[in-house]
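Undergrad: Okay, here's the structure, questions in a sec.
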Amino acid sequence: MVRLELPEIETLRRDLEREAVGKKIKSAEALVLKSLPRHKTRKSFEDGLVGAKILSSERLGLLILLRLDNERTLVISLGENGRILRAATKDKHTDDTVAVITLDKAGDLRILDSNGTSAIHAVPNEDLASVLPDPSHMGLDLHTKPVSWVEFGRWVLSKRMPLKLLLTDESVFVGIGEIYSNEILFD
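In terms of our numbering, the sequence shown has 92 at position 92, counting the first letter as 1, and numbering is strictly consecutive.
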């Protein structure tokens, strides 16, 4: 499978902003403990979410951050094959569902991952830096910090590598994978 790229992650963030921000988390269920690397038990994950209100939906690189009113942040990395699906609470879970977050009056947010590369963290805000990538190792996020064509040209010329590798290198540019790099090169 192809990893989600920055435009898809940004679209998910905007959808969550519209559909989840302002809602309270009624229940949380962790179905696959492997997807919760910072949590030793499902209960520790679930207890950090239940009753909290979602204040905002943000994106940092390819991570989705849901800020909560209980001084916690839900950090979601969808990995190689993950998805976030809105579903009615009464609908059955699919086999690849790793976590279900039920919102008041808004149904479920389901995190699906068929190959086990997603990671979900519900962390206190003071520990947030421990689950986020080091900013010095992150590439340029062209959506958050647009650059002029002249700057972009200088950036590309300053690197000594093939253009395809440059575009898909996460330490150079965030979220440009195989699909968008091919489109960029085609144009």
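Where a beta carbon is used, it is the ideal one built from N, C-alpha and C, also for glycine.
#1: Please classify ASP113 as buried or exposed, where buried requires at least 16 other C-beta atoms within 10 Å of its C-beta.
#2: Using the rule of at least 16 other Cβ atoms within 10 Å of the residue's Cβ for burial, across every protein chain shown, is ALA129 buried or exposed?
#3: For LEU66 and LEU16, which I take to be in contact (beta-carbon distance under 8 Å), what is that distance rounded to the nearest angstrom?
#4: Are ARG59 and LEU85 closer than 9 Å when you measure CB to CB?
#5: To the nearest angstrom, how far is it from the Cα of LEU140 to the Cα of SER181?
#6: Per the DSSP calculation, ILE84 is bridged to which residue(s)?
#7: Under 8 Å by Cβ, that's how I've got GLU29 and VAL100 pegged, so tell me the actual separation to the nearest angstrom.
#8: Should the region 29 to 47 be called in touch with the region 5 to 13, which here means at least 3 C-beta pairs below 8 Å?
#9: Taking the straight line between their C-alpha atoms, what separation do you get for GLY61 and TRP149?
#10: At which residues does the beta strand (DSSP E) containing THR41 begin and terminate?
#11: Three-state secondary structure (DSSP) at SER158?
#12: Put LYS145 into one of helix, strand or coil per three-state DSSP.
#13: By the three-class DSSP mapping on this structure, what secondary structure does ARG13 have?
#14: DSSP puts ILE120 in a beta bridge; with which residues?
#15: For THR89, which of helix, strand or coil comes out of DSSP?
#16: Rounded to the nearest angstrom, how far is the Cβ of LEU185 from that of LYS164, given a contact under 8 Å?
TA: This is what the structure holds:
#1: buried
#2: exposed
#3: 7 Å
#4: no
#5: Going by the C-alpha atoms only, they are around 15 Å apart.
#6: The partner list for ILE84 (beta bridge, DSSP) reads ILE111.
#7: 5 Å
#8: no
#9: One alpha carbon belongs to GLY61, the other to TRP149, and they sit about 21 Å apart.
#10: Neither: THR41 is in no beta strand (DSSP E) and is coded neither H nor E.
#11: helix
#12: coil
#13: helix
#14: ILE76
#15: coil
#16: 6 Å
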